[in-house]
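Everything below concerns the one structure shown next.
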Ligand SMILES: [Zn+2]
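Residue numbers (this note's numbering): 7 to 192.
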């Protein structure tokens, strides 16, 4: 699929898919991870985070996860060591938009892969003549063991074992990987 189509898909998903934002407690230490400006500033930031956590602001030190869901398909992106005043504060940050885009891109790739798989599954298989390694003629016959043959090889085969002509419907079924009974139902 072209890059243009992929980009359109990402844009459509970021508008129409269900987008969930969740936050979980960050297990990494606040000290050394939240701030690295200077001893005074770092101590102030770390204290602010601890105060906020105590006050019930889970966004003060957390792992944020954006999940994008569409018709049973989903993808997510996470960001650790987040420190915000609130969920709204996080949503206003550019990181949130980046995460939505990242998860939407991953979901777009999953949908493209599913679409490619469907196309492959429904593409008829090339039936080969068992009458000779080099025979590339169109299949018209089947023997009682299920081997398929072209008309000339099928007629040769008929001399030795039960071998009959296939109907167009049967050929279509075989091309889709389905099995058919040798004996036709009457
Ligand atoms: Zn043949």
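Each residue gets a CB set at the ideal place from its N, CA and C atoms; glycine is no exception. These numbers were taken from a predicted model, which means no experiment stands behind them.
Original post:
Residues with a Cβ closer than 5 Å to any heavy atom of ligand 1, in chain order?
Top reply: The chain-ordered list of residues whose CB is nearer than 5 Å to some heavy atom of ligand 1 reads 135, 137, 141, 143, 156, 159.
Subject >> Own chain, CB closer than 8 Å to residue 159, minus 5 neighbours either side, in chain order >> reply: Contacts found: 135, 136, 137, 138, 141, 143, 147.
Original post:
Along the chain, where does the beta strand (DSSP E) that runs through residue 30 open and close?
Top reply: Per DSSP, residue 30 belongs to the beta strand (DSSP E) from 24–31.
**OP:** Out of 33, 54, 153, 69, state which residue places its alpha-carbon closest to the alpha-carbon of residue 41.
**Re:** Looking at the Cα atoms, 54 is the closest of the given residues.
Original post:
Would you call the region 69–84 and the region 25–36 in contact, with 3 or more CB pairs under 8 Å?
Top reply: Result yes; three or more Cβ-Cβ pairs closer than 8 Å.
**OP:** Starting from residue 110, trace the beta strand (DSSP E) both ways and give me its first and last residue.
**Re:** For residue 110, there is no enclosing beta strand (DSSP E); the enclosing alpha helix (DSSP H) has its first and last residue at 100–128.
**OP:** Within the region 36–79, note down every full beta strand (DSSP E) run reaching 3 residues or more, in order along the chain.
**Re:** If we require 3 residues or more, the beta strand (DSSP E) runs fully inside the region 36–79 come out as 68–76.
Subject >> Alpha carbon of residue 38 to alpha carbon of residue 115, nearest angstrom >> reply: Note on geometry: alpha-carbon atoms of residue 38 and residue 115 lie some 36 Å from one another.
Original post:
Going by alpha carbons, who is nearest to residue 162 out of 83, 57, 36, 149?
Top reply: Looking at the Cα atoms, 149 is the closest of the given residues.
Original post:
Thinking C-alpha only, which one of 84, 190, 95, 117 is nearest residue 106?
Top reply: Selected option, being the one with the closest Cα: 84.
**OP:** Would you give the residue range spanned by the beta strand (DSSP E) that residue 171 belongs to?
**Re:** Taken as a continuous stretch (DSSP letters only), the beta strand (DSSP E) holding residue 171 covers 169–171.
**OP:** Leaving out five residues on either side along the sequence, give the residues of the same chain with a beta carbon under 8 Å from the beta carbon of residue 183.
**Re:** The residues are 131.
Original post:
Would DSSP call residue 85 helix, strand or coil?
Top reply: If DSSP states are grouped into helix, strand and coil, residue 85 belongs with the strands.
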